[in-house]
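Going letter by letter, the sequence shown gives residues 146 to 437 in our numbering.
Everything below concerns the one structure shown next.
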Amino acid sequence: PGTPSRRGSLPALPSCPQGYFEDVTAALSELREKLQDVLRDTWTNISVAITKVDVLQSKPEPCRIIDQNKTRDELDKLNGKLDQLKNMQTTAAVAYCTPLSSEQQTRAWFLRHARKITLNPNTAHKYLELSEGNRKVTMTNENQYYPDHEDRFTRRWQVLSKQRLSGRIYWEVEWSGRGVEIAVAYDEIEREGDTDESTFGLNENSWALCCKSKKYTFSSDGWEEDIDESVPVSSTVGVYLDTKAGILSFYSVFGSKMIFIHQVQAHFDAPLYAGVWLSRSVGTTAEFIQLK
């Protein structure tokens, strides 16, 4: 783990469907490229115009008329490009809130991106017991006598996944007990001590959904937001991550039914790891469900 670095994270987004953020990102990238082209063309036209003024001062009037016509053509082209930019802006705005197809709103669609996740024993706090092939973690009151390791959380009851996460990924966590936090974090999160920098959701290197019997709470970079109590709490939480589009979203899972909990957009500039925190209540568990 290294020293935490500043990373941009946007506030929570409205519940617009996540599938279209890729389209918006692509549209805005094209918008930027076209704007750069316009600026380059404009600068070239200015340079050419200055040169023409110097030359035309010593030329007959007919030449001036020809050059003016060419200049009008160039301006017409520029106006056309500006119209394209305006259309691009409209396209991006519409794409942002265009509903997903019915297929992409189903659990079956998310399961296409399911990936097996196991927990890394080298990161587990000494009171956390791993089982079920390192897919399940249980809070105990006994030291598990893990070997010393620089990646281990020394004071926080947390553990990270063995797998690095990038691209489109979906997983589910089944939990029980007083409360857990389902998180994603960069490898840079601190492991030593009992500080904000080592706590899921209290620093720029992690995002966390706190799950309790009656409500959810989301936190990141020290900001905490209570999820509306109308969202039903489930013992199974689905997590969808798209690192390219910068999307992280959570769902209450009831069989084949998924209910949206919360979504954020951030700039993910490095692979992430799945993580969980367990409340200090013996018997509290969190298990990464085998979906494939």
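Backbone N, C-alpha and C fix where the C-beta goes; we use that ideal spot for every residue, glycine too.
For the beta strand (DSSP E) containing residue i, list its first residue and its last residue.
i: residue 275; result: 273–276
i: residue 368; result: 368–371
i: residue 406; result: 402–411
i: residue 304; result: 303–305
i: residue 395; result: 392–399
If you count every other CB in all the chains shown that lies within 10 Å of the CB of residue i, and 16 or more means buried, which is it?
i: residue 428; result: exposed
i: residue 299; result: exposed
i: residue 253; result: exposed
i: residue 420; result: buried
i: residue 422; result: buried
i: residue 373; result: exposed
i: residue 368; result: exposed
i: residue 338; result: exposed
i: residue 326; result: buried
Out of the options, state which residue places its alpha-carbon closest to the alpha-carbon of residue i.
i: residue 320; options: 409, 381 and 387; result: 381
i: residue 278; options: 263, 385, 413 and 383; result: 263
i: residue 349; options: 414, 273 and 261; result: 414
i: residue 303; options: 310, 261 and 346; result: 346
Terminal residues of the continuous alpha helix (DSSP H) containing residue i?
i: residue 252; result: 252–256
Where does residue i sit, in a helix, a strand or coil, going by DSSP?
i: residue 343; result: helix
i: residue 427; result: coil
i: residue 245; result: Confidence at residue 245 is low in this model, with a pLDDT of 41, below 50, so the placement of that residue should be treated as unreliable; the coordinate-derived value is given next. Coil, per DSSP.
i: residue 381; result: strand
i: residue 268; result: helix
i: residue 281; result: strand
i: residue 432; result: strand
On the DSSP bridge assignment, give the partners of residue i in chain order.
i: residue 329; result: 352 and 419
i: residue 334; result: Note: residue 334 sits in no beta bridge, so no partner.
i: residue 313; result: 387
i: residue 298; result: Looking at the DSSP assignment, residue 298 forms no beta bridge with any residue, so it has no partner.
i: residue 362; result: 355 and 371
Examine chain D for any beta-carbon lying closer than 8 Å to the beta-carbon of residue i, and answer yes or no.
i: residue 397; result: Absent here is chain D; the protein component of the structure consists of one chain.
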